[in-house]
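Comments concern the structure below.
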Amino acid sequence: SAFTIFYMGINLGAFICNFVCGTLAALYGWRYGFLAAGIGMLIGVVVQIFGQSTLAPDTLQKRQAAGSTEKPAEHQPLTANEMQRVFALIILCALNVVFWAVYEQQGNTMQTWADEQTNWPSWASSTWFQSVNPFFIFLLAPFFDWFWRKQNVKGTEPSSVAKMAIGCFILGLSFIVMIVGARVVGDGKGSLFWPVFCTLLLTVGELYLSPIGLSLVTKVAPARIVSMMMGMWFLSSFFGNVLSGYIGQLYTTLSKDLFFLILMVLGLAAGSAIWAFNKRLKAAMGTHA
Numbered sequence: 004s005a006f007t008i009f010y011m012g013i014n015l016g017a018f019i020c021n022f023v024c025g026t027l028a029a030l031y032g033w034r035y036g037f038l039a040a041g042i043g044m045l046i047g048v049v050v051q052i053f054g055q056s057t058l059a060p061d062t063l064q065k066r067q068a069a070g071s072t073e074k075p076a077e078h079q080p081l082t083a084n085e086m087q088r089v090f091a092l093i094i095l096c097a098l099n100v101v102f103w104a105v106y107e108q109q110g111n112t113m114q115t116w117a118d119e120q121t122n123w124p125s126w127a128s129s130t131w132f133q134s135v136n137p138f139f140i141f142l143l144a145p146f147f148d149w150f151w152r153k154q155n156v157k158g159t160e161p162s163s164v165a166k167m168a169i170g171c172f173i174l175g176l177s178f179i180v181m182i183v184g185a186r187v188v189g190d191g192k193g194s195l196f197w198p199v200f201c202t203l204l205l206t207v208g209e210l211y212l213s214p215i216g217l218s219l220v221t222k223v224a225p226a227r228i229v230s231m232m233m234g235m236w237f238l239s240s241f242f243g244n245v246l247s248g249y250i251g252q253l254y255t256t257l258s259k260d261l262f263f264l265i266l267m268v269l270g271l272a273a274g275s276a277i278w279a280f281n282k283r284l285k286a287a288m289g290t291h292a
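Take 4 as the starting number for the sequence shown in my numbering and just add one per residue.
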């Protein structure tokens with residue numbers, strides 16, 4: 004629940020920024036869009052500096068405050084059980100690469116579709132498409148938080164690993180909308196419905212995977228290396244973005260419906276792989292999963 008709220012906070016900024024940076028870039032040129040982004044980052048640094056006192060002290064600060072000279076736990080070797088949990092996370096992160104490779108098409112080929120094959124109102128900019136996903140996130144996140152709590156009370160809530168598999172399945176199925184849209188629109192321009200509805204479904208898949216994965220890493224990873232394991236989680240996003248670029252090159256060489264079909268298959272394949280390893284991963288992670 005906490006990570007879902009945290010995820011909403013991140014996406015509130017992602018929602019607002021496109022109306023500022025994207026609009027400035029569309030009306031006055033890219034330099035002004037980048038300038039606004041830079042100013043926004045500087046404001047973030049100021050907030051971090053002046054808001055630091057409100058944050059809970061980290062492990063190092065606690066140790067310094069207590070004047071402890073005890074050997075830090077992070078210098079102790081991992082136990083067999085901890086190694087097993089780390090290995091399970093590595094497998095999960097490897098499978099996670101495919102999810103992000105497909106998901107990040109929304110900022111790549113999906114944005115190209117929004118630019119070139121979507122009819123936008125005269126008062127709107129196609130750069131605003133990047134605000135659709137974060138809007139759906141902070142709209143839907145409270146609902147899923149409530150839904151999973153209700154499932155938990157009934158004893159029917161899926162495990163974290165199962166949720167991630169479901170997220171990949173929904174991600175893959177969301178591109179059925181674009182397959183149909185590509186056949187309806189052809190080489191012309193079409194309704195906002197196609198990319199927006201696809202993004203709605205894609206966002207549901209994201210909520211089943213991304214905040215769940217963040218939470219899972221903090222629960223499963225040994226406490227003394229949780230920061231490193233969180234870094235590995237984001238490293239899987241890095242490789243997913245790299246793979247997304249290579250996959251995106253096919254957008255210009257294949258028919259649009261075939262391209263979106265490939266994205267659908269990749270999403271379903273990632274979900275199937277996670278689901279296939281579900282029991283083994285849960286066993287390795289123990290009660291944390």
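C-beta: ideal position from N, C-alpha, C; glycine also.
For residue 82, name the three-state secondary structure that DSSP assigns. Of the three classes helix, strand and coil, the one that applies to residue 82 here is coil, per DSSP.
Return the CA-CA distance between residue 109 and residue 63, expressed in angstroms with no decimal places. Looking at the two C-alpha atoms, the distance is approximately 39 angstroms.
Quick one: what's got a C-beta closer than 6 angstroms to residue 219's C-beta in the same chain, skipping five residues either side? Closer than 6 angstroms at the Cβ level, and outside the excluded window around residue 219, lie 163.
Who are residue 193's beta bridge partners in DSSP? Beta-bridge partners of residue 193 (DSSP): 121.
So, residue 143 versus residue 207, is the Cβ gap smaller than 8 angstroms? Their beta carbons are under 8 angstroms apart, which means residue 143 touches residue 207 by this criterion.
Cut-off 6 angstroms between Cβ atoms - residues of its own chain near residue 175, not counting five sequence neighbours on either side: Residues of the same chain with a CB within less than 6 angstroms of the CB of residue 175, apart from the 5 flanking positions on each side, are 267, 270, 271 in chain order.
Can you round the beta-carbon distance between residue 273 and residue 30 to whole angstroms, since I take them to be within the 8 angstroms contact cut? That pair is no contact at about 39 angstroms.
Can you check whether the CB of residue 201 is closer than 8 angstroms to the CB of residue 102? Between residue 102 and residue 201, the C-beta gap is not smaller than 8 angstroms, which leaves the two residues out of contact.
Can you tell me where the alpha helix (DSSP H) holding residue 127 begins and where it ends? That residue, residue 127, is in no alpha helix (DSSP H); it is neither H nor E in DSSP.
So what's residue 4 in DSSP terms, helix, strand or just coil? Coil at residue 4, not helix or strand.
Burial state of residue 283, where buried means 16 or more other Cβ atoms lie within 10 Å: Per the 10 Å Cβ criterion, exposed.
Can you tell which of 53, 215, 238, 203 has its C-alpha closest to the C-alpha of residue 133? Selection 53, 215, 238, 203 evaluated against residue 133 yields 203 as nearest (Cα-Cα).
Using three-state DSSP, classify residue 262 as helix, strand or coil. Helix at residue 262.
Under a Cβ-count criterion, where at least 16 other Cβ atoms within 10 Å of its own Cβ denotes burial, should residue 88 be classed as buried or exposed? Buried.
Given residue 191 as reference, the closest of 10, 116, 242 once Cα atoms are compared: From the listed residues 10, 116, 242, the smallest Cα separation to residue 191 is found for 116.
Extract the residue ranges of the alpha helix (DSSP H) inside the segment 134-190, only unbroken runs of 4 or more that lie entirely within it. Secondary structure within the segment 134-190: the alpha helix (DSSP H) runs of 4 or more consecutive residues, fully enclosed, are 135-157, 163-188 (chain order).
I need the DSSP call for residue 59, collapsed to helix, strand or coil. Coil, per DSSP.
Top-ranked residue by Cα proximity to residue 128, from 277, 80, 21, 138: Measuring from the Cα of residue 128, the nearest candidate turns out to be 21.
With 16 as the cutoff for other CB atoms within 10 Å, does residue 155 come out buried or exposed? With fewer than 16 other Cβ atoms within 10 Å, it is exposed.
Select from 34, 131, 43, 210 the residue whose C-alpha is nearest the C-alpha of residue 118. Out of 34, 131, 43, 210, 131 has the C-alpha closest to the C-alpha of residue 118.
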